[in-house]
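Take the position in the sequence shown, starting the count at 1, then add 479; the result is the number in our numbering. Even for Gly, the Cβ is constructed at its ideal location relative to N, Cα and C.
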Amino acid sequence: MRKIVLSKQAATALHRMPQADAKRITNKLQQYSVDPASMANNVKRLQGSDYLRLRVGDWRVIFSEAGVVIDVVKIAPRGDVYRGM
480 MRKIVLSKQA ATALHRMPQA DAKRITNKLQ QYSVDPASMA NNVKRLQGSD YLRLRVGDWR
540 VIFSEAGVVI DVVKIAPRGD VYRGM
């Protein structure tokens, strides 16, 4: 199991979103940390970047992997997540 580290921006977004969506996102992140192959259809590498994208409904989670650590950089709705990346 990998350790999940949230950036300040990601933690704020997770705290402000509807509780049901936050729970779904945390469950998917935990599932990915245990078995990345189980989420293969929902995770893609961003072009021209070292970041990966996890799709959870209308939400997107942008993160990077470094060994046993998953650094979550940004959590935002589908239309807004790629701005400023």
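Around the beta carbon of Ala-545, a 10 Å sphere encloses fewer than 16 other beta carbons of the protein chains shown; the residue is thus reported as exposed. Per the coordinates, the alpha-carbon of Met-496 lies some 27 Å from the alpha-carbon of Val-547.
Lys-553 sits buried, since 16 or more C-beta atoms from the chains shown fall within 10 Å of its C-beta.
The C-alpha of Met-518 lies about 24 Å from the C-alpha of Arg-562. Taking 8 Å as the cut-off, the Cβ atoms of Leu-508 and Val-560 do not count as close. The beta carbon of Tyr-530 lies closer than 8 Å to those of Arg-524, Ile-541, Phe-542, Ser-543, Val-552, Met-564 in the same chain, with the five residues before and after it left out. Take the alpha-carbon of Arg-481 and the one of Ser-512: they are about 5 Å apart.
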